[in-house]
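Right, one structure below, let's go through it.
Number of protein chains: 2
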Amino acid sequence: MIQKLIEKIVEKNAPIVVGLDPMLSYTPEAVKAKAFACCGETLEGAAEAVWQYNRAIVDAVADLIPAVKPQIAMYEQFGIPGLIAYKKTIDYCHEKGLVVIGDVKRGDIGSTSAAYAAAHLGKVRVGEKTYAPFDEDFATVNPYLGVDGIQPFLDVCEKENKGIFVLVKTSNPSSGEFQDRRIDGRALYELVGEKVNAWGEQVRRGAYSNVGAVVGATYPEMGKLLRQIMPHAYILVPGYGAQGGKAADLAPYFNSDGLGAIVNSSRGIIAAYKQERYACFGEEHFAEASRQAVEDMLADIRPVIG
Amino acid sequence: MIQKLIEKIVEKNAPIVVGLDPMLSYTPEAVKAKAFACCGETLEGAAEAVWQYNRAIVDAVADLIPAVKPQIAMYEQFGIPGLIAYKKTIDYCHEKGLVVIGDVKRGDIGSTSAAYAAAHLGKVRVGEKTYAPFDEDFATVNPYLGVDGIQPFLDVCEKENKGIFVLVKTSNPSSGEFQDRRIDGRALYELVGEKVNAWGEQVRRGAYSNVGAVVGATYPEMGKLLRQIMPHAYILVPGYGAQGGKAADLAPYFNSDGLGAIVNSSRGIIAAYKQERYACFGEEHFAEASRQAVEDMLADIRPVIG
Numbered sequence: 001m002i003q004k005l006i007e008k009i010v011e012k013n014a015p016i017v018v019g020l021d022p023m024l025s026y027t028p029e030a031v032k033a034k035a036f037a038c039c040g041e042t043l044e045g046a047a048e049a050v051w052q053y054n055r056a057i058v059d060a061v062a063d064l065i066p067a068v069k070p071q072i073a074m075y076e077q078f079g080i081p082g083l084i085a086y087k088k089t090i091d092y093c094h095e096k097g098l099v100v101i102g103d104v105k106r107g108d109i110g111s112t113s114a115a116y117a118a119a120h121l122g123k124v125r126v127g128e129k130t131y132a133p134f135d136e137d138f139a140t141v142n143p144y145l146g147v148d149g150i151q152p153f154l155d156v157c158e159k160e161n162k163g164i165f166v167l168v169k170t171s172n173p174s175s176g177e178f179q180d181r182r183i184d185g186r187a188l189y190e191l192v193g194e195k196v197n198a199w200g201e202q203v204r205r206g207a208y209s210n211v212g213a214v215v216g217a218t219y220p221e222m223g224k225l226l227r228q229i230m231p232h233a234y235i236l237v238p239g240y241g242a243q244g245g246k247a248a249d250l251a252p253y254f255n256s257d258g259l260g261a262i263v264n265s266s267r268g269i270i271a272a273y274k275q276e277r278y279a280c281f282g283e284e285h286f287a288e289a290s291r292q293a294v295e296d297m298l299a300d301i302r303p304v305i306g
Numbered sequence: 307m308i309q310k311l312i313e314k315i316v317e318k319n320a321p322i323v324v325g326l327d328p329m330l331s332y333t334p335e336a337v338k339a340k341a342f343a344c345c346g347e348t349l350e351g352a353a354e355a356v357w358q359y360n361r362a363i364v365d366a367v368a369d370l371i372p373a374v375k376p377q378i379a380m381y382e383q384f385g386i387p388g389l390i391a392y393k394k395t396i397d398y399c400h401e402k403g404l405v406v407i408g409d410v411k412r413g414d415i416g417s418t419s420a421a422y423a424a425a426h427l428g429k430v431r432v433g434e435k436t437y438a439p440f441d442e443d444f445a446t447v448n449p450y451l452g453v454d455g456i457q458p459f460l461d462v463c464e465k466e467n468k469g470i471f472v473l474v475k476t477s478n479p480s481s482g483e484f485q486d487r488r489i490d491g492r493a494l495y496e497l498v499g500e501k502v503n504a505w506g507e508q509v510r511r512g513a514y515s516n517v518g519a520v521v522g523a524t525y526p527e528m529g530k531l532l533r534q535i536m537p538h539a540y541i542l543v544p545g546y547g548a549q550g551g552k553a554a555d556l557a558p559y560f561n562s563d564g565l566g567a568i569v570n571s572s573r574g575i576i577a578a579y580k581q582e583r584y585a586c587f588g589e590e591h592f593a594e595a596s597r598q599a600v601e602d603m604l605a606d607i608r609p610v611i612g
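Residue numbers (the numbering used here), protein chains in the order written: chain A, 1 to 306; chain B, 307 to 612.
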């Protein structure tokens with residue numbers, strides 16, 4: 001799957017991913033009003049609103065980008081109807097030819113981790129039949145439980161040609177609380193990075209492995225170090241834009257081949273119309289504002305790649 | 307919410323929780339056959355089978371236990387229909403007066419963590435209305451992202467009188483891969499335990515806080531140390547039974563008041579009928595086998611509590 005992602009990144013000259021993390025507070029009033037008129041002020045109404053919001057944005061930006069990253073929490077908060085909207089979003093993005101990174105940050109052990117891997121990347125057997133329940137292309141995974149939590153995902157990645165991005169150094173202010181603690185003179189995130197590299201080698205076919213890593217744009221020095229520790233891991237980089245990460249900080253996340261990283265922006269793209277910079281579009285043209293924000297993000301990032 | 311859990315534990319003299327982690331391979335053939343006859347060999351059929359399986363077990367054991375712990379991965383693997391069965395299980399257990407610990411191991415940052423907290427423990431606003439999407443009483447939470455991921459859960463715990471159990475030392479063989487690494491002479495799990503204690507103090511009202519911890523039964527020495535580090539945290543103890551934890555190992559997890567820990571058993575209870583010990587019940591009486599397994603677990607554990 002990493003090959004497919006790389007091909008799309010190269011084809012579109014766009015090492016970026018749009019985070020589809022819809023909040024009702026971002027959703028334009030007209031979209032909400034229409035959804036509530038149809039389904040009421042219910043979980044179904046909220047789910048319909050975020051799905052229509054997503055669809056309009058995907059329609060506006062799909063030709064510019066290789067991938068999307070829906071954050072499942074934003075759908076899970078609307079219960080079952082929200083999760084139906086999550087699945088509709090995945091299917092729609094696949095129809096549009098986009099790679100889908102499910103930002104699910106799952107992590108458990110043994111048969112439980114296997115169940116998550118089946119849910120998001122694999123297939124589940126029911127009697128004589130098999131189903132791919134959510135069918136993302138990649139999933140984000142939490143490493144705190146060690147390899148017992150990762151191996152079931154590796155097995156599914158091998159079987160189904162899917163991929164994972166393991167949390168290594170997250171973009172948030174308190175990520176250092178545990179991740180930066182020093183063990184024998186080195187930070188925990190370095191040890192996790194080494195493991196990610198080793199896990200990735202188990203399933204690597206080409207220059208890059210189906211096992212990638214999450215490293216926040218807000219910590220470029222650590223990104224540089226982790227790039228060296230995990231030479232064959234694709235790095236998914238959150239934290240650009242709204243969280244404070246700058247384009248100039250992104251260079252160390254890429255390898256000299258110009259590959260190796262994919263930069264996420266969520267609200268900077270999907271809620272672009274709320275920024276002063278894009279206010280000229282007006283709320284009704286929110287999707288066009290998102291397209292312009294993607295183009296601006298690409299213009300910002302392309303020059304820094306080696 | 308911890309008060310409510312403690313009251314039920316005391317009332318039933320049962321510091322245990324039954325893990326509702328249904329796998330199709332555990333589900334009795336007759337239950338599956340009936341579900342597939344109604345819904346086909348589909349995700350809906352699988353979800354119907356695990357729901358009927360759960361319901362029979364809950365009916366058989368509800369009077370003996372204070373709480374259940376459904377593992378969401380086992381439902382998520384059946385996609386949307388599976389998650390509907392998860393929600394039905396929660397609601398049914400509430401009707402039966404049981405405390406519900408959602409074993410979701412969620413963990414993210416900022417608004418995303420807030421969305422998970424709303425999904426599982428809190429409420430979400432849609433227009434002028436509010437909804438409690440999954441409405442568990444407790445949720446398990448992963449600490450790798452630091453307090454940014456925990457604070458939104460603390461806020462919801464305060465507002466809604468709900469609780470969390472933070473992963474500190476998990477029961478699996480590879481849990482030491484990161485959790486045992488030594489930082490300034492102490493293990494990472496100790497530092498996480500200290501943070502859990504501090505987070506718990508923020509919301510503590512009585513002897514125990516709504517912020518508990520997960521510490522595996524398979525590491526009793528570490529359990530003893532963590533009991534000291536987190537005197538006011540309830541400890542949710544997985545790993546008893548099928549994973550190898552013995553009753554004699556459980557004493558250090560309890561405080562001298564006889565409280566402070568709740569021991570989980572999942573497949574040891576729900577798939578009891580598959581054990582040689584309970585084979586006399588026969589597959590058709592799987593629920594009675596589960597009831598006997600609960601009684602045996604209680605007889606095993608009660609003597610070790612101070």
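C-beta: ideal position from N, C-alpha, C; glycine also.
* If you draw a straight line from the C-alpha of Tyr422 of chain B to the C-alpha of Arg412 of chain B, how long is it? -> Annotation: Tyr422 of chain B to Arg412 of chain B spans about 7 Å, alpha carbon to alpha carbon.
* Asked: Between which two residues does the beta strand (DSSP E) harbouring Lys435 of chain B extend?
  -> Per DSSP, Lys435 of chain B is one residue of the beta strand (DSSP E) stretching across 435-437.
* **Supposed close pair Gly388 of chain B, Tyr381 of chain B - CB separation, criterion 8 Å** => For a cut-off of 8 Å, the C-beta gap from Gly388 of chain B to Tyr381 of chain B is around 4 Å, short enough to register as a contact.
* At a cut of 8 Å, does the stretch 533-545 of chain B reach the stretch 587-598 of chain B through at least three beta carbon pairs? -> They do not touch, by the three-pair rule.
* **Cβ of Ala548 of chain B within 8 Å of any chain A Cβ** => Output row for Ala548 of chain B: interface = no.
* Asked: Using the beta-carbon of each residue, which ones in chain B are nearer than 8 Å to Asp148 of chain A?
  -> Those within 8 Å of Asp148 of chain A in chain B are Asn478, Pro479, Ser480, Ser481.
* Compare the C-beta of Ser111 of chain A with all C-beta atoms of chain B and state if any pair is closer than 8 Å. => For Ser111 of chain A, the answer is yes, since a Cβ of chain B falls inside 8 Å of its Cβ.
* Excluding the 5 residues preceding and the 5 following Asp414 of chain B in the sequence, name in chain order all residues of the same chain whose CB lies nearer than 7 Å to its CB. => Excluding residues up to 5 positions away in sequence, Tyr422, Leu451, Gly455 lie with their Cβ nearer than 7 Å to the Cβ of Asp414 of chain B in the same chain.
* Would you tell me roughly how many angstroms separate the C-alpha atoms of Val311 of chain A and Pro70 of chain A, rounded to the nearest one? => Here chain A covers residues 1 to 306 and nothing more, so residue 311 of chain A does not appear.
* Under the three-state reduction of DSSP, which class applies to Lys88 of chain A: helix, strand or coil? -> Residue state, collapsed to three classes: helix.
* Using a C-beta cutoff of 8 Å, does Ile535 of chain B count as contacting chain A? -> By this cut-off, Ile535 of chain B is not an interface position.
* Listed by chain order, chain A residues near Ile371 of chain B by CB distance under 8 Å -> Listed by position along chain A, the residues whose Cβ is nearer than 8 Å to that of Ile371 of chain B form an empty set, because the closest Cβ is around 21 Å away.
* **Straight-line gap, Asn478 of chain B to Asp555 of chain B (C-alpha atoms, nearest Å)** => The straight-line gap separating the alpha-carbon atoms of Asn478 of chain B and Asp555 of chain B is approximately 16 Å.
* What residues match up with Lys69 of chain A in a beta bridge as DSSP calls it? -> Its beta-bridge partners are A:Gly19.
* State the DSSP-derived secondary structure class of Phe138 of chain A, mapped to helix, strand or coil. => Here DSSP, grouped into helix, strand and coil, assigns Phe138 of chain A to strand.
* Asked: Does the Cβ of Thr218 of chain A have 16 or more other Cβ atoms within 10 Å, making it buried, or fewer, making it exposed?
  -> By the neighbour-count rule (16 or more Cβ atoms within 10 Å), Thr218 of chain A is buried.
* Check whether the stretch 150-166 of chain A touches the stretch 191-211 of chain A, taking contact to mean three or more Cβ pairs, one atom from each stretch, closer than 8 Å. => These segments touch.
* Asked: What residues in the stretch 423-450 of chain B have a beta carbon less than 7 Å from any beta carbon of chain A?
  -> Within the stretch 423-450 of chain B, the qualifying residues are Ala424, Ala425, Val430, Val432, Gly433, Glu434, Lys435, Tyr437, Pro439, Phe440, Asn448, Pro449, Tyr450.
* **Chain-order list of residues whose beta-carbon lies under 7 Å from that of Ile183 of chain A (same chain, five-residue window excluded)** => For Ile183 of chain A, where only same-chain residues beyond five positions count, the Cβ hits under 7 Å are Leu191.
* Asked: Which parts of the stretch 1-56 of chain A are runs of the alpha helix (DSSP H), unbroken and 4 residues or longer, counting only runs that do not cross its ends?
  -> As summarised for the stretch 1-56 of chain A, the continuous alpha helix (DSSP H) elements at least 4 residues long and confined to that stretch are 2-12, 29-39, given in chain order.
* As assigned by DSSP and simplified to three states, the class of Arg181 of chain A -> DSSP places Arg181 of chain A in coil when its eight states are reduced to three.
* May I ask you to report which of helix, strand or coil DSSP gives Phe471 of chain B? => Taken through DSSP and simplified to helix, strand or coil, Phe471 of chain B comes out as strand.
* **Environment of Lys552 of chain B [buried if 16+ CB atoms lie within 10 Å]** => Classification for Lys552 of chain B: exposed.
* Asked: In angstroms, rounded to a whole number, what distance separates the CA positions of Gln614 of chain B and Gln228 of chain A?
  -> Residue 614 of chain B lies beyond the stretch modelled for chain B, which goes from 307 to 612, so this question has no answer here.
* Looking at the unbroken beta strand (DSSP E) that takes in Gly408 of chain B, where does it start and where does it end? -> From DSSP, the beta strand (DSSP E) with Gly408 of chain B extends over 405-412.
* the stretch 334-355 of chain B: positions lying closer than 8 Å to chain A by Cβ -> Flagged, chain order: Lys338, Phe342, Glu347, Thr348, Leu349, Gly351, Ala352.
* To do: Examine the Cβ distances between the stretch 325-344 of chain B and the stretch 564-578 of chain B and report whether three or more of them are shorter than 8 Å.
  => Contact between the stretch 325-344 of chain B and the stretch 564-578 of chain B is present, with at least three C-beta pairs closer than 8 Å.
* Three-way DSSP call (helix, strand, coil) for Asn570 of chain B in this model -> Three-state DSSP puts Asn570 of chain B in a strand.
* Along the beta strand (DSSP E) that carries Ala213 of chain A, what are the first and last residues, could you check? => 211-215 is the span of the beta strand (DSSP E), which, as asked, contains Ala213 of chain A.
* Give the DSSP bridge partners of Leu542 of chain B, in chain order. => Residue pairing by DSSP places Leu542 of chain B opposite B:Val520, B:Ile568 in a beta bridge.
* To do: Determine the burial state of Asp327 of chain B: buried for a count of at least 16 other Cβ atoms within 10 Å of its Cβ, exposed for fewer.
  => Sixteen is the threshold: when 16 or more other Cβ atoms of the shown chains lie within 10 Å of the Cβ of Asp327 of chain B, as they do, the residue is buried.
* Asked: Sorted by chain position, which residues of the same chain lie with C-beta nearer than 6 Å to Asn570 of chain B's C-beta, five sequence neighbours on each side aside?
  -> Within the same chain, Asn570 of chain B has close Cβ partners Val323, Gly325, Lys375, Pro544.
* Own chain, CB closer than 7 Å to Phe440 of chain B, minus 5 neighbours either side, in chain order -> Contacts found: Lys393, Ile396, Gly408, Ala425, His426.
* **C-alpha distance - Thr112 of chain A paired with Ser572 of chain B, whole-angstrom precision** => Between Thr112 of chain A and Ser572 of chain B, the C-alpha separation is close to 12 Å.
* Any Cβ of chain A within less than 8 Å of the Cβ of Ala504 of chain B? -> It does not; no Cβ of chain A falls within 8 Å.
* Which whole-angstrom value is the C-beta distance of Phe471 of chain B and Val520 of chain B, which I expect to be below 8 Å? -> Taking a contact as a CB-CB distance under 8 Å, the pair Phe471 of chain B and Val520 of chain B counts as one, their CB atoms being some 5 Å apart.
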